[in-house]
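J.: Each position in the sequence shown, counted from 1, maps to that position plus 2 in the working numbering.
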Amino acid sequence: MARFHGARLVGKTLQEQHIVWCLPSPILHHGGQLTTRGTKARGGGDDMARRHRVRLMGKTMHKQHLVWCLPSPILQAHQAHQAPTPHKNLKLPSRWPSIVCENCLYSLEKDMRARAFHIMDPKGIIEMLLIFLEERGGGVLIPPSFDDSKDNTNRILPYLGMWKGHSITKRSGVYGSTITEADTIAVLEIDDDGWIIQDITSTSSGGNVTTNVHWTGTMSNNLINFDGGFQVTLLPGGMYMGCPSNVAKSVADSKSFHLEFCWLKSPGKRQRLVRTYDIEGLAVSSTYSLENKL
């Protein structure tokens, strides 16, 4: 039997639940995937359908904390066009392929990693954000602490200010399979009128190329909408995930797009992983940034 601590964010409410999963011995012996129904644990929780995956790497099992994040405004608009399903919160498989992107960041302090998934419907609209917190080893499982503050403004405070760091970009073979490095400076501010202002400056290692990206946006609950159709969802645990509000529109306008995952594991230090796609929707590069707050 394996015990896990999970949480799911539905609308504006983060619900933390202690979940007890009974794993059949063939799964534990051979490794693989398990899809099962969650059962009520002693601390409460509804008897809803849940998905869980167990991986065995050698003789070490990765224990997982589950964070379910459903952006309610987008999800509700998407579900309005779907037929009702027989089980609450359980969706039938789509007949058309959806877009799924995985970003993985490893903790700088503990033997732990976070795997974040952007899941979009076939039309390119974000449907679900899913995060797995995985800790290696067979020690005592300590549930993570999630900030369920009703004031979503507090969730942006750790990211405000100036961040300086270094980035490494690896491009795919289609575009030459090159690796480049750059120094980065990122600034995030809230002006007197409540606008969110972000500036990211990147200077190549040789110092001969400098690029600057300037965005302004507004914040509603835990969602930041920047000009140009890019949105950032602020999540518990010092994380955020960014993506276009409509990938299909970016492709139709012949614009490349990117998906971002940020993990602020400790105060004053964060990691960012950005995956960039071309106008045809092909992954062309991955950029990893390690930044410190000034």
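Using N, Cα and C, we set each Cβ at its ideal position, and we do this for glycine too.
Because the structure is a prediction, the values reported are computed rather than measured.
Could you give the distance in angstroms between the alpha-carbon of L292 and the alpha-carbon of D123?
T.: As a working mapping, residue 292 is identified with position 290 in the sequence shown. As a working mapping, residue 123 is identified with position 121 in the sequence shown. Between L292 and D123, the C-alpha separation is close to 31 Å.
J.: With H, G and I counted as helix, E and B as strand and the rest as coil, what does DSSP make of G175?
T.: Locating residue 175 in the sequence shown gives position 173, where the first residue counts as 1. In this structure, G175 counts as helix in the three-state DSSP scheme.
J.: If you draw a straight line from the C-alpha of T355 to the C-alpha of S247, how long is it?
T.: Here the chain covers residues 3 to 296 and nothing more, so residue 355 does not appear.
J.: Given a cut-off of 8 Å, decide if S288 and R272 are closer than it, judged by their beta-carbon atoms.
T.: The residue labelled residue 272 in the question sits at position 270 within the sequence shown. The residue labelled residue 288 in the question sits at position 286 within the sequence shown. No, the Cβ-Cβ distance between R272 and S288 is not below 8 Å.
J.: Give me, in chain order, the residues of the same chain whose beta-carbon lies closer than 6 Å to that of S189; leave out the 5 immediate sequence neighbours on both sides.
T.: Counting from 1 along the sequence shown, the entry for residue 189 is found at position 187. What sits at residue 189 in the sequence shown is Val, not Ser. Taken in chain order, the residues that qualify are M164, D201.
J.: Compute the Euclidean distance between the alpha carbons of K295 and K251, then round it to the nearest angstrom.
T.: Taking the sequence shown and counting its residues from 1, the one referred to as residue 295 is at position 293. Taking the sequence shown and counting its residues from 1, the one referred to as residue 251 is at position 249. Each residue's alpha carbon lies about 34 Å from the other.
J.: If you compare alpha carbons, which of E282, E191, A184 is closest to S207?
T.: Here residue 207 refers to the residue found at position 205 of the sequence shown. The candidate whose alpha carbon is nearest that of S207 is A184.
J.: Quick one: what's L107 bridged to in DSSP?
T.: Position 105 of the sequence shown, counted from the first residue, corresponds to residue 107. BP columns for L107 point to A116.
J.: Note the first and the last residue of the continuous beta strand (DSSP E) segment covering S252.
T.: Mapped onto the sequence shown, residue 252 falls at position 250. No beta strand (DSSP E) holds S252; the alpha helix (DSSP H) holding it covers 249-254.
J.: Please report how far the alpha carbon of Y279 lies from the alpha carbon of A254, in whole angstroms.
T.: In the sequence shown, residue 279 corresponds to position 277, counting from 1. In the sequence shown, residue 254 corresponds to position 252, counting from 1. Between Y279 and A254, the C-alpha separation is close to 13 Å.
J.: Please classify L110 as buried or exposed, where buried requires at least 16 neighbouring CB atoms within 10 angstroms.
T.: On the sequence shown, residue 110 is found 108 positions in, with the first residue counted as 1. Exposed is the call here.
J.: Cutting at 6 Å between CB atoms, please list the residues of its own chain near W197, excluding the five before and the five after it.
T.: Numbered from 1 along the sequence shown, position 195 holds the residue referred to as residue 197. Answer for W197: T218, listed in chain order.
J.: Closest to K112 by C-alpha separation, out of R157, D229, M243, E137, would be which residue?
T.: Position 110 of the sequence shown, counted from the start, is the residue given in the question as residue 112. Out of R157, D229, M243, E137, E137 has the C-alpha closest to the C-alpha of K112.
J.: So, helix, strand or coil for P160, using DSSP?
T.: To locate residue 160, count along the sequence shown from 1; it is residue 158. It is helical.
J.: Just to confirm, is the Cβ distance from F134 to R117 under 8 Å?
T.: Counting from one through the sequence shown, the residue named residue 134 turns up at place 132. Counting from one through the sequence shown, the residue named residue 117 turns up at place 115. Against a cut-off of 8 Å, the Cβ pair of R117 and F134 comes out as a contact.
J.: Taking only three categories from DSSP, how would you classify V211?
T.: What you label residue 211 is simply residue 209 of the sequence shown in a count that begins at 1. Coil at V211, not helix or strand.
J.: In the DSSP assignment, what are the bridge partners of L190?
T.: Within the sequence shown, the letter at position 188 stands for residue 190. G163, Q200, per the DSSP bridge assignment.
J.: Please state whether the Cβ-Cβ distance between L275 and N105 is less than 8 Å.
T.: Sequence index remark: in the sequence shown, residue 275 carries index 273 (1-based). Sequence index remark: in the sequence shown, residue 105 carries index 103 (1-based). Their beta carbons are under 8 Å apart, which means L275 touches N105 by this criterion.
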